[in-house]
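Report on the following structure.
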Amino acid sequence: MNNFELKNPTKIIFGKDTIEKLENEIPKDAKVLLLYGGGSIKKNGIYDQVKIALAKVDVIEFGGIPANPEYAILMEALKIIKDENITYLLAVGGGSVIDGTKFLSAAALFEGDNPWDILTQNIRSEKGMPFATVLTLPATGSEMNSGAVITRAETKEKLAMGGPGLFPVFSILDPQVITSIPERQLANGITDAFTHVLEQYMTYPIGALLQDRFAESILQTLIEVAPKVLKDPSDYKAASDFMWSCTMALNGLIQKGVPGDWAVHMMGHELTALFGIDHARTLAVIAPSHYKFNFEAKKEKLAQYGERVWNIAEGNTDDKAYAAIKKTEAFFQKLGIDTKLSDYTKDYEGTAEEIGKRFTDRGWLGLGEHQSLSPDKVEKIVKMAY
Numbered sequence: 001m002n003n004f005e006l007k008n009p010t011k012i013i014f015g016k017d018t019i020e021k022l023e024n025e026i027p028k029d030a031k032v033l034l035l036y037g038g039g040s041i042k043k044n045g046i047y048d049q050v051k052i053a054l055a056k057v058d059v060i061e062f063g064g065i066p067a068n069p070e071y072a073i074l075m076e077a078l079k080i081i082k083d084e085n086i087t088y089l090l091a092v093g094g095g096s097v098i099d100g101t102k103f104l105s106a107a108a109l110f111e112g113d114n115p116w117d118i119l120t121q122n123i124r125s126e127k128g129m130p131f132a133t134v135l136t137l138p139a140t141g142s143e144m145n146s147g148a149v150i151t152r153a154e155t156k157e158k159l160a161m162g163g164p165g166l167f168p169v170f171s172i173l174d175p176q177v178i179t180s181i182p183e184r185q186l187a188n189g190i191t192d193a194f195t196h197v198l199e200q201y202m203t204y205p206i207g208a209l210l211q212d213r214f215a216e217s218i219l220q221t222l223i224e225v226a227p228k229v230l231k232d233p234s235d236y237k238a239a240s241d242f243m244w245s246c247t248m249a250l251n252g253l254i255q256k257g258v259p260g261d262w263a264v265h266m267m268g269h270e271l272t273a274l275f276g277i278d279h280a281r282t283l284a285v286i287a288p289s290h291y292k293f294n295f296e297a298k299k300e301k302l303a304q305y306g307e308r309v310w311n312i313a314e315g316n317t318d319d320k321a322y323a324a325i326k327k328t329e330a331f332f333q334k335l336g337i338d339t340k341l342s343d344y345t346k347d348y349e350g351t352a353e354e355i356g357k358r359f360t361d362r363g364w365l366g367l368g369e370h371q372s373l374s375p376d377k378v379e380k381i382v383k384m385a386y
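Laid out in structure tokens, this is it:
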């Protein structure tokens, strides 16, 4: 196992009817900006629960953060933070609202002239405005990590940011909230979390036995509860396992001491930026092709995954590894997730070259666990995903 440091300061408040605990967690003297998305929280009762819990606190609201948190909209919220002397942020939503709030946390204290520099110059946020979250859609794990991804429509870019100053102070996880989530979004959440685990696990063996089994147990749990969650989101036991699996998939624990990949995400982000495809669905498009292209480098781990997660017992290492890729693609498809770019757009020709050029222009010359995926190899992977 590699050397590592692990610190996660986020307090998790998990379980039924925990939104009311906001009242005891938000500082009484805080001036809060309440951030949310398209307004679904006003239909499913979550908004009312939050407002009741914050009755004794000074609150200003900002809604309308889209599914891919848009820079221009976030800049409107940043102006409110500055004009109204906001001291505390509260994200009520899924990963997009939480990611947008993390950007605002960093931008509120940013001393430069252009907050977009935080993303383009990879500025690590050592300190941010304090913020908390009420999770409404399990998927990204953003409620217990310090990373975020922000979109800018005018340049068709989707870039990552983060730093130790961007952990939520606390996050409230009530599994009951998934009852009102549409099936499409639930399938996205399962796919997103599943791929988060794969990005940290599907590399090469280094003998980190516990880390591997942590990762495999999350994958096994997601596979087991996926049909239950999709069939009946009000199944509290399944909802609990689903929500906690999504959090554990990307709270930093399973990535420690092991190599990570993240090339699937880097390529997937470009498909969202170019075509507006749901983030999780871009991962399902890229992942199978990525594993096929990098088969020789990943086959030992692919075979282990096939044996332990999918119970593949027959064949040699190559056979098990290929079967594991097929099982993964079939799992996504069973969730209702298409796995080819052509399923989402007719304008896919030239996409691979565009993404390769973007990576070259940014200096992203070596992705993956071996930093060996050059832009020309990225082009080949994307073309395989057409």
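Under full-length UniProt numbering, the final residue of the sequence shown carries the number 386; numbering is consecutive throughout. Beta carbons: idealized from backbone N, C-alpha and C, even for Gly.
query = Buried or exposed: where does glutamine 185 fall if 16 or more other Cβ atoms within 10 Å of its Cβ makes it buried?
reply = Buried, since its Cβ has 16 or more Cβ neighbours within 10 Å.
query = So what does DSSP say about phenylalanine 170, is it helix, strand or coil?
reply = Here phenylalanine 170 sits in strand by DSSP.
task = Can you tell me the Cβ-Cβ gap for serine 374 and glycine 363, rounded? I've got them flagged as a contact below 8 angstroms.
result = Contact between serine 374 and glycine 363 does not hold, since the beta-carbon distance rounds to 12 angstroms and is not under 8 angstroms.
ask   = With a CB to CB cut of under 6 angstroms and the five nearest residues on each side skipped, what residues in its chain are close to threonine 221?
value = Excluding five sequence positions before and after threonine 221, the CB atoms of its chain that fall closer than 6 angstroms to its own CB belong to Asp241 and Ser245, given in chain order.
query = Near valine 382, which residues of its chain fall below 7 angstroms by C-beta distance, leaving aside the five closest residues on each side in sequence?
reply = Take valine 382, set aside five residues on each side of it, and the residues of its chain with a beta-carbon closer than 7 angstroms to its own are Met267, Thr351, Ala352 and Ile355, in chain order.
task = Compare the Cα-Cα distances from proline 69 to each of Gly38, Leu230 and Val50 and report the closest residue.
result = Minimum Cα distance to proline 69 is reached at Gly38.
ask   = Counting Cβ pairs closer than 8 angstroms, one from the region 166-177 and one from the region 285-294, do we hit at least three?
value = The region 166-177 makes no contact with the region 285-294: fewer than 3 CB pairs, one atom from each, lie closer than 8 angstroms.
key: Beta-carbon proximity list for glutamate 20, same chain, < 8 angstroms, skipping 5 on both sides   = Residues of the same chain with a CB within less than 8 angstroms of the CB of glutamate 20, apart from the 5 flanking positions on each side, are Gln49, Ile52 and Ala53 in chain order.
ask   = Leaving out five residues before and five after isoleucine 254 in sequence, what residues of the same chain have Cβ atoms less than 8 angstroms from its Cβ?
value = Here the set comprises Val197, Gln200, Tyr201, Gln211, Phe214, Ala215, Ile218 and Met248.
ask   = On the three-pair Cβ rule with 8 angstroms, is the region 101-118 touching the region 154-163?
value = A contact exists between the region 101-118 and the region 154-163.
key: Alpha-carbon spacing of isoleucine 190 relative to lysine 334, whole angstroms   = Roughly 12 angstroms separates the two Cα atoms.
ask   = Tell me which same chain residues have a C-beta within less than 8 angstroms of the C-beta of lysine 298, skipping the five on either side of it?
value = Cβ neighbours of lysine 298 within its own chain (closer than 8 angstroms, five residues either side excluded): Met202, Thr203, Tyr204, Tyr291 and Ala321.
query = Who are aspartate 58's beta bridge partners in DSSP?
reply = Beta-bridge analysis with DSSP links aspartate 58 to Lys31.
At least 3 beta-carbon pairs within less than 8 angstroms: the region 79-89 vs the region 136-150 = Proximity of the region 79-89 to the region 136-150 falls short of the contact definition, fewer than three beta-carbon pairs being nearer than 8 angstroms.
query = Hey, how far is the Cα of lysine 301 from the Cα of alanine 263?
reply = Taking the straight line joining both Cα atoms gives about 16 angstroms.
task = Count the other C-beta atoms from every protein chain shown that fall within 10 angstroms of the C-beta of aspartate 192, then say buried if there are 16 or more, exposed otherwise.
result = Buried is the call here.
query = Helix, strand or coil: how does DSSP classify phenylalanine 4 here?
reply = Three-state DSSP puts phenylalanine 4 in coil, outside helix and strand.
inquiry  = Let me make sure I understand the geometry here. Which of Ala187, Ala208, Ile206 and Gly252 has the alpha-carbon closest to that of valine 229?
reply    = Here the closest residue by C-alpha is Ala187.
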